[in-house]
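First to last, the protein sequences are chains L and D. Taken in order, the first sequence gives residues 55 to 441; the numbers are from the working numbering. Taken in order, the second sequence gives residues -13 to 128; the numbers are from the working numbering.
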Amino acid sequence: MQRGHSCGGALLVAALIVAAPAAAQSTDQVSLQGFGGWAYARTSDENTWAYAATQQGEWANYDFGLNLAARPIDKVAIRAQAFWGENLRGQKVDLDYVFAEWTKSPAFKVRGGKVLAPFGLYSEIYDVGTLRPFLYLPQIYQGRLGLVPKSYLGAGITGSHPLGSEWEVGYDLFGGEMIFEPFQTPRINGFDPSTGLPTFETQELQLSGRQMVGGRILVASPIRGLDFGSTVIYAGDVKVRTPEGERIPYYATDDATLVNARVQYQKGPFAVRGEWFGALARDADVKSWYVETSCKLTRHLQVAFQYEKMDLDLPPTEDSIPPPLQYSRSYGLAVNWWLGPAVVVKVDGYHLDGNLVARPELAVADYLQGTLEGTTNVFVSGLQFSF
Amino acid sequence: MKRAFTALVLTLAVAAANAAAPQSGFRVVVNASNPATSLTRASVARMFMKKITEWPDGSDVAPVDQERTSEVRDTFSREIHQRDADAVSAYWQTLVYSGRETPPPIKRSDAEVLDYVRSNPGAIGYVSDAASLDGVKTVAVR
Chain L
55 MQRGHSCGGA LLVAALIVAA PAAAQSTDQV SLQGFGGWAY ARTSDENTWA
105 YAATQQGEWA NYDFGLNLAA RPIDKVAIRA QAFWGENLRG QKVDLDYVFA
155 EWTKSPAFKV RGGKVLAPFG LYSEIYDVGT LRPFLYLPQI YQGRLGLVPK
205 SYLGAGITGS HPLGSEWEVG YDLFGGEMIF EPFQTPRING FDPSTGLPTF
255 ETQELQLSGR QMVGGRILVA SPIRGLDFGS TVIYAGDVKV RTPEGERIPY
305 YATDDATLVN ARVQYQKGPF AVRGEWFGAL ARDADVKSWY VETSCKLTRH
355 LQVAFQYEKM DLDLPPTEDS IPPPLQYSRS YGLAVNWWLG PAVVVKVDGY
405 HLDGNLVARP ELAVADYLQG TLEGTTNVFV SGLQFSF
Chain D
-13 MKRAFTALVL TLAVAAANAA APQSGFRVVV NASNPATSLT RASVARMFMK
37 KITEWPDGSD VAPVDQERTS EVRDTFSREI HQRDADAVSA YWQTLVYSGR
87 ETPPPIKRSD AEVLDYVRSN PGAIGYVSDA ASLDGVKTVA VR
């Protein structure tokens, strides 16, 4: 079981038990919703992808989440979301968020607790499969880099305000500690006495950025369905959090700036969206962008295409990471069959060039031996639902 | 001549009734104590999106929705939100799962919506044209 949040699920279950009678009394005061899904995923070679796909094929990719909102007193809302799931990283139980929010008006709300990071298009709906055309998110979100901020522990203000002529601006300002999606990396744990070569074990780490401040602006235009925005986050004390909860120095930096710019247009059955990310640090930058378009051809049938480009920029003197592990180009195609507005069966295929996100566990060793596969095909199929 | 006059009067009466109900397929209703007589389409949309949360007198707006699959919700969504019901549902799902807002309560029929509107002074709902509007007030949408 990953992370030390198993008590989070128990807390939410307890909250649900307490909330149940209230829900029976008044659905205006308590809202309970959920989501989940399952996927089979495999790759064409020994490269693994998204902690979900291997050459042998992986069946154990599933998740389920429960979302609870309650309004115990006027102007104050309590919101929490629990997540259960399994993939190549093992089983995971976590609280995506739990916070209290005081509302002065739609233009001014104050929130405190563990809050989803207002970053990219998908960072606040990270786990909800029915709100995206592909089974998996673009790899800047869900891949092995672990660079997209997932939630913050602290306080923030949020709101939205009409600007006239159907323009509207939304805003967030927040501070505290930023928590990122965990990632796995090999670690030398000894040496083989017969060969003298090092042996490895996989460790799971998670970036944590303290002394963090961030802000987001979202603009909805009078052209219905067209909106755009940007987020900037600065963290002055970036370290790696170990599974034991210890914060240790991260080799690439001690501070970082994260930038996102996004635009999307949705009209009827058609949607197109694009995002740019920059994770800018002292010794390494990661820059990525993707464009994704989808169209519902009938009430049931949807097709989608995605192109994603990611690059790791290192100083010229840094040569410990082989060139194939510094970039990724991904082409994705999805064919979806919507059984209803909240249940969908998806079949996705990707072709990847580069090993920044598709790679074997010991990619550097494979590269040195000349056995690293530079391209990868991925097949993913499954279903997702929400209620 | 008398028959022609009667036909003319009936035609004008039907035309007048239609003019009083610019929406087709649904009517927007509020509590009988609510002084509002007309609202703009954009205001109604923002009330149902919970972006306008207070009536002019400072009381809370309490929107109430209909079932996601109902015909009247689809018509209301297209005319007021100018999006289909699935798009509006996706909008609410995004807000719910991101922890930003919860959608209005959903009632299963016109009768349940009318009960809710009758018993909540700040309520605003919509019902199909065929619904009996006893005890609530219709609001013109301009």
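C-beta: ideal position from N, C-alpha, C; glycine also. Since we're looking at a predicted model, the values are computed, not measured.
1) Who does Glu294 (chain L) pair with in a DSSP beta bridge?
2) In whole angstroms, what separates the C-alpha of Glu40 (chain D) from that of Ala274 (chain L)?
3) What's the call for Gly131 (chain D), buried or exposed, on a 16-neighbour Cβ count within 10 Å?
4) DSSP on Gly428 (chain L), reduced to helix/strand/coil?
5) Looking only at its chain, what residues have a beta carbon closer than 8 Å to the beta carbon of Leu175 (chain L), apart from the 5 residues adjacent to it on each side?
6) Please state the DSSP three-state secondary structure of Ser95 (chain D).
7) Helix or strand or just coil, what does DSSP make of Thr108 (chain L)?
8) Can you tell me where the beta strand (DSSP E) holding Glu155 (chain L) begins and where it ends?
9) When you check each C-beta in the region 9 to 27 of chain D against every C-beta of chain L, which residues fall closer than 7 Å?
10) Quick one, which of L:Asp309, L:Pro395 and L:Gly408 has its alpha-carbon nearest Ile375 (chain L)'s?
11) Determine, using beta carbons only, whether Ala123 (chain L) comes closer than 8 Å to chain D.
12) Counting along the chain, where does the beta strand (DSSP E) carrying Met33 (chain D) start and finish?
13) Please tell me whether Ser85 (chain L) has its Cβ less than 8 Å away from any Cβ of chain D.
14) Does DSSP classify Arg64 (chain D) as helix, strand or coil?
15) Using a beta-carbon distance cut-off of less than 7 Å, what residues from the region 79 to 103 of chain D approach chain L?
16) Cβ of Ser440 (chain L) within 8 Å of Cβ of Thr249 (chain L)?
17) On the three-state DSSP scale, how would you describe Gln78 (chain D)?
18) Closer than 8 Å, Cβ to Cβ, to anything on chain D: give me those residues from the region 179 to 194 of chain L, in chain order.
19) Under three-state DSSP, which class holds Ala126 (chain D)?
20) Note down the Cα distance separating Val82 (chain D) from Lys204 (chain L), rounded to an integer number of angstroms.
21) Counting only beta-carbon atoms, is Gln68 (chain D) nearer than 8 Å to chain L?
22) Is the beta carbon of Leu227 (chain L) closer than 8 Å to that of Gly269 (chain L)?
23) What residue does the alpha helix (DSSP H) around Asp420 (chain L) start on, and which one ends it?
24) Looking only at its chain, what residues have a beta carbon closer than 8 Å to the beta carbon of Pro107 (chain D), apart from the 5 residues adjacent to it on each side?
25) Would Thr285 (chain L) pass as a contact of Asn314 (chain L) if the rule is Cβ separation under 8 Å?
26) At the 8 Å Cβ level, is Thr61 (chain D) part of the contact set with chain L, yes or no?
27) Quick check on this structure: which residue in D:Arg104, D:Ser118, D:Leu100 and D:Pro91 has the alpha carbon closest to the alpha carbon of Arg54 (chain D)?
28) Is there a Cβ from chain L that is less than 8 Å from the Cβ of Ala116 (chain D)?
This is what the structure gives:
1) Reading off the sequence shown, one finds Val at residue 294 (chain L), where the question assumed Glu. Beta-bridge analysis with DSSP links Val294 (chain L) to L:Leu261 and L:Ile302.
2) For Glu40 (chain D) and Ala274 (chain L), the distance between alpha carbons rounds to 22 Å.
3) Only positions -13 to 128 of chain D appear in this structure, which leaves residue 131 (chain D) out of reach.
4) If DSSP states are grouped into helix, strand and coil, Gly428 (chain L) belongs with coil.
5) Here the set comprises Arg316, Gln318, Arg327 and Glu329.
6) Coil at Ser95 (chain D), not helix or strand.
7) Correct three-state label for Thr108 (chain L): strand.
8) Glu155 (chain L) -> beta strand (DSSP E) spans Gly144 to Ser159.
9) The region 9 to 27 of chain D vs chain L, Cβ under 7 Å: nothing.
10) Per the Cα distances, L:Gly408.
11) It does: the Cβ of Ala123 (chain L) has a partner Cβ on chain D nearer than 8 Å.
12) Not the beta strand (DSSP E): Met33 (chain D) falls in the alpha helix (DSSP H), residues Arg27 to Phe34.
13) Taking 8 Å as the threshold, the shortest C-beta distance from Ser85 (chain L) to chain D falls below it.
14) Helix, per DSSP.
15) Those residues of the region 79 to 103 of chain D placed with their C-beta closer than 7 Å to a C-beta in chain L are Gln79, Thr80, Val82, Tyr83, Ser84, Gly85, Thr88 and Pro91, ordered along the chain.
16) No Cβ-Cβ contact shorter than 8 Å links Ser440 (chain L) with Thr249 (chain L).
17) First, the amino acid is wrong: residue 78 (chain D) is Trp here, not Gln. Note: Trp78 (chain D) maps to helix in three-state DSSP.
18) The residues in question are Ile179, Asp181, Val182, Thr184 and Leu185.
19) Under the three-state reduction of DSSP output, Ala126 (chain D) falls in the strand class.
20) Distance between the alpha carbons of Val82 (chain D) and Lys204 (chain L) is about 17 Å.
21) Taking 8 Å as the CB threshold, Gln68 (chain D) lines the interface with chain L.
22) Yes; because the gap between Cβ atoms is below 8 Å, this pair is in contact.
23) Element bounds for Asp420 (chain L): Ala417 to Gln423.
24) Here Pro107 (chain D) has Asn17, Ser19, Asn20 and Ser45 as same chain residues with Cβ atoms under 8 Å from its own Cβ, once five neighbours each way along the sequence are excluded.
25) Cβ distance < 8 Å, so Thr285 (chain L) and Asn314 (chain L) count as in contact.
26) Chain L contact via Cβ: absent.
27) Checking every option, the nearest Cα to that of Arg54 (chain D) belongs to D:Pro91.
28) So, not an interface residue.
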